[in-house]
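Under the UniProt record's numbering, the first residue of the sequence shown carries the number 1, and numbering increases by one thereafter. Here a beta-carbon is modelled for each residue, glycine too, at the ideal position from N, C-alpha and C. Treat the numbers as computed from the prediction; the structure is a model and nothing was measured. The next block holds one structure in the form of structure tokens; read it before the comments.
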Amino acid sequence: MLHFMHHLPHTASPSGVPSTVLQFPRFRCISAKLCISVSSTDSSLPGTNDLSRLLQGRITRPHLLQVHARIFRLNEHQNNLIATRLIGHYPSNLALKVFYSLREPNIFPFNAIIRVLAEEGLYLKALLTFKELKFRRLLPNDLTFSFLLKACSRDGVGVDCVKQVHGHVVKSGFMFDPFVCNGLLMAHVKAVKDLVSARQVFDEMPDRNLVCFWTSLISGYARLGLAEEALKLFMVMLKENLRPESDTMVSVLSACSILNTTHIEKWLHLLTQWPNDFCCNNLGCDYVNIIIVYLYGKCKKVEKSREAFDKISENGKRSVLSWNAMIGAYVQNGCGLEALTLFKSMMENYDCRPNHVTMVSALSLC
Numbered sequence: 001m002l003h004f005m006h007h008l009p010h011t012a013s014p015s016g017v018p019s020t021v022l023q024f025p026r027f028r029c030i031s032a033k034l035c036i037s038v039s040s041t042d043s044s045l046p047g048t049n050d051l052s053r054l055l056q057g058r059i060t061r062p063h064l065l066q067v068h069a070r071i072f073r074l075n076e077h078q079n080n081l082i083a084t085r086l087i088g089h090y091p092s093n094l095a096l097k098v099f100y101s102l103r104e105p106n107i108f109p110f111n112a113i114i115r116v117l118a119e120e121g122l123y124l125k126a127l128l129t130f131k132e133l134k135f136r137r138l139l140p141n142d143l144t145f146s147f148l149l150k151a152c153s154r155d156g157v158g159v160d161c162v163k164q165v166h167g168h169v170v171k172s173g174f175m176f177d178p179f180v181c182n183g184l185l186m187a188h189v190k191a192v193k194d195l196v197s198a199r200q201v202f203d204e205m206p207d208r209n210l211v212c213f214w215t216s217l218i219s220g221y222a223r224l225g226l227a228e229e230a231l232k233l234f235m236v237m238l239k240e241n242l243r244p245e246s247d248t249m250v251s252v253l254s255a256c257s258i259l260n261t262t263h264i265e266k267w268l269h270l271l272t273q274w275p276n277d278f279c280c281n282n283l284g285c286d287y288v289n290i291i292i293v294y295l296y297g298k299c300k301k302v303e304k305s306r307e308a309f310d311k312i313s314e315n316g317k318r319s320v321l322s323w324n325a326m327i328g329a330y331v332q333n334g335c336g337l338e339a340l341t342l343f344k345s346m347m348e349n350y351d352c353r354p355n356h357v358t359m360v361s362a363l364s365l366c
């Protein structure tokens, strides 16, 4: 049987505040005014509903501790809704104390603590918490798996861990949930670098209209050096009239950066023919031209890069990605004056703000 943290004692301190709360850092340093408000029974003080609403938004640490103390005074520390909201405000070490003080937690505090552990990269603790959830015969929901898979989408997570979670997803009937599927995709790509399983999850998705699904897999291909697979998937995405996000294009250009000369020539031929071979909107052509700008720059054909750049006009203006591709092509081929002229044109004549990539290219000319 798994050994989990023991429940914390609920004995009261001389001030009337349970010793569980006093284990939190800085709690003993709260002013005397707080101690008076905690022990007071004045009806004007916040009630359970008020405290629950306070915990829904942002709250400072001193106020959080005051609210927590008041919760104990009202004997609401076993309230699952309030505990769930408390957990979300604490770092994992303190959130776990709140969680394990619950005698009968339902699915909501379980989801909250798994989320906190996932955000801090504590995937083993997240998995142990999930096992306790199953031990208590609670049914996981889509949020449970989304948070758990986020915890598993990190380097160093073992193949067995991802496979176990994948198995639970299938058994629980969440293989058709789009966000759970994307979490599975990310876990296979990032943690265990198993693109065969990732592609299988992707191909079995009932609805692939969310761009993040495509971006996750394209990014995985690019990371593992499978540039052509990344480009092929990107082209399929455009054929389905999906609009790439900036992260998608970053992954695609990253894939292009590892193409050798032979593959660059092959893809330039395919991409320059693409608008003629398929009925595409201007938007799809713009993204293809960004890649063409980048690839021509890599094979030292700056004039061709500029021709493709001049064809880009998304909604009457060019995106920062297209400017970066053209400026980068100039920089890469020693055309410093042209790069600075284009950078100046971007700053003065067009409604497009440079990003860190633009600035790195510009500064490299100094």
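- Task: Can you tell me which of the three DSSP states residue 352 falls into?
- Result: coil
- Item | residue 237 versus residue 173: straight-line alpha-carbon distance, rounded | One C-alpha to the other measures close to 27 Å.
- Task: Compare the Cα-Cα distances from residue 220 to each of 204, 255 and 245 and report the closest residue.
- Result: 255
- Query: By DSSP, does residue 175 sit in helix, in strand, or in coil?
  - Reply: coil
- Taking just the CA atoms, how far does residue 260 sit from residue 327? Their Cα atoms are separated by approximately 21 Å.
- Task: Count the CB pairs spanning the segment 111-131 and the segment 140-149 that are closer than 8 Å, and state whether there are at least three.
- Result: Because the criterion of three Cβ pairs below 8 Å is met, the segment 111-131 and the segment 140-149 touch.
- Task: Return the CA-CA distance between residue 101 and residue 138, expressed in angstroms with no decimal places.
- Result: 18 Å
- Rounded to a whole number of angstroms, what is the C-alpha to C-alpha distance between residue 177 and residue 142? Between the alpha carbons of residue 177 and residue 142 lies a distance of about 7 Å.
- Item | Where residue 235 falls, given that 16 or more other Cβ within 10 Å makes a residue buried | buried
- To the nearest whole angstrom, what separates the beta carbons of residue 224 and residue 193, a pair I think is in contact under 8 Å? 6 Å
- Message: Buried or exposed for residue 233, going by 16 or more other Cβ atoms inside 10 Å?
- Response: buried
- As assigned by DSSP and simplified to three states, the class of residue 158: Looking at residue 158 - three-state DSSP - the assignment turns out to be coil, as it is neither helix nor strand.
- Would you list, in sequence order, the uninterrupted beta strand (DSSP E) runs of no fewer than 3 residues that lie entirely inside the UniProt repeat "PPR" (210-244)? If we require 3 residues or more, the UniProt repeat "PPR" (210-244) turns out to have no beta strand (DSSP E) run fully inside it.
- Beta-carbon proximity list for residue 297, same chain, < 6 Å, skipping 5 on both sides: 305, 329 and 332
- Query: Along the chain, which unbroken stretches of the alpha helix (DSSP H) at least 4 residues long are found entirely within the segment 284-332?
  - Reply: 302-310 and 320-332
- Would you kindly report the start and end of the unbroken alpha helix (DSSP H) that includes residue 205? Segment: none, residue 205 is in no alpha helix (DSSP H) and carries neither H nor E.
- Message: Can you find the residues in the same chain that come closer than 7 Å, C-beta to C-beta, to residue 64, ignoring five residues on each side of it along the sequence?
- Response: 89
- Query: Terminal residues of the continuous alpha helix (DSSP H) containing residue 125?
  - Reply: 123-135
- Message: DSSP three-state label for residue 57, please.
- Response: coil
- Message: Using C-beta distances below 6 Å, list every residue in its chain close to residue 144, excluding the 5 sequence neighbours before and after it, in chain order.
- Response: Non-local C-beta neighbours of residue 144 in its own chain, meaning closer than 6 Å and more than five positions away in sequence, comprise 111, ordered along the chain.
- Message: Rounding to the nearest angstrom, what Cα-Cα distance links residue 273 and residue 180 in this structure?
- Response: 37 Å
- Collapsed DSSP secondary structure at residue 70 in the structure displayed: helix
- Applying the criterion that 16 or more other CB atoms from any shown protein chain within 10 Å of the CB defines a buried residue, is residue 75 buried or exposed? exposed
- State the start and end residues of the unbroken alpha helix (DSSP H) segment that holds residue 141. Unbroken run through residue 141: none, as it is neither H nor E.
- Compute the minimum distance between the beta carbon of residue 330 and the heavy atoms of the ligand NAD, and state whether it is under 7 Å. Absence of the ligand NAD is noted for the structure shown, with no ligands found whatsoever.
- Query: What's the call for residue 188, buried or exposed, on a 16-neighbour Cβ count within 10 Å?
  - Reply: buried
- Message: For residue 120, would you say it is in contact with chain C, using Cβ-to-Cβ distances shorter than 8 Å as the test?
- Response: You won't find chain C in this structure, because it holds only one protein chain.
- Spatial neighbours of residue 184 in its chain, beta-carbon cut-off 7 Å, leaving aside the 5 residues before and after: 149, 166, 169 and 201
- For residue 119 and residue 249, the rounded distance between their alpha carbons: 26 Å
- Task: Could you check which residue in 338, 231 and 97 has the C-alpha nearest to that of residue 215?
- Result: 231
- Item | residue 136 burial status per 10 Å Cβ neighbour count (16 or more: buried) | exposed
- Message: What does the Cβ neighbour count give for residue 122, buried or exposed, with the cut at 16 atoms within 10 Å?
- Response: buried
- Task: Assign residue 39 to one of two classes, buried (16 or more other C-beta atoms within 10 Å of its C-beta) or exposed (fewer than that).
- Result: Legend: pLDDT at residue 39 = 44, less than 50; position of this residue unreliable, no value from coordinates given.
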